[in-house]
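My numbering puts the first residue of the sequence shown at 378, with every later residue one more than the last. Even glycine gets a Cβ: it sits at the ideal position worked out from N, Cα and C. From a predicted model like this one, the values you see are computed outputs, not experimental measurements.
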Amino acid sequence: GMGLGVSVLRDLGKGQLPGSVGNYGWGGAANTNFWVDPQEDLLGIIMLQFMPSSTYPVVPDFRIMTYAALVD
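Given below as structure tokens:
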């Protein structure tokens, strides 16, 4: 979903990347991205300058590795 100028994860089944319900964030040009996961008390920020962003999947890889590193 969308709200307050950011994307909001409302249904885990619809998310393409790891996260919790209530995640919010936004991506910009050239592989800039941020997200906040209130349930995990987590904030991710990545600022790159790669164009086109689809050629370099750094942002999804960064997020996947971040969640993989979490320890309960």
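Asked: Can we say the stretch 383–402 touches the stretch 424–431, given the rule of at least three CB pairs closer than 8 Å?; Found: no
Asked: DSSP on SER397, reduced to helix/strand/coil?; Found: coil
Asked: Can you name, in chain order, every residue of its own chain whose Cβ lies under 7 Å from the Cβ of VAL383, other than the five neighbours on each side?; Found: TYR401, GLY402 and TRP403
Asked: Alpha carbons only, please: which of ASN410, ASP414, ARG387 and VAL385 is nearest the one belonging to TYR444?; Found: ASP414
Asked: State buried or exposed for LEU447, treating a residue as buried only when at least 16 other CB atoms are found within 10 Å of its CB.; Found: exposed
Asked: What's the C-alpha gap between ASP449 and THR432?; Found: 33 Å
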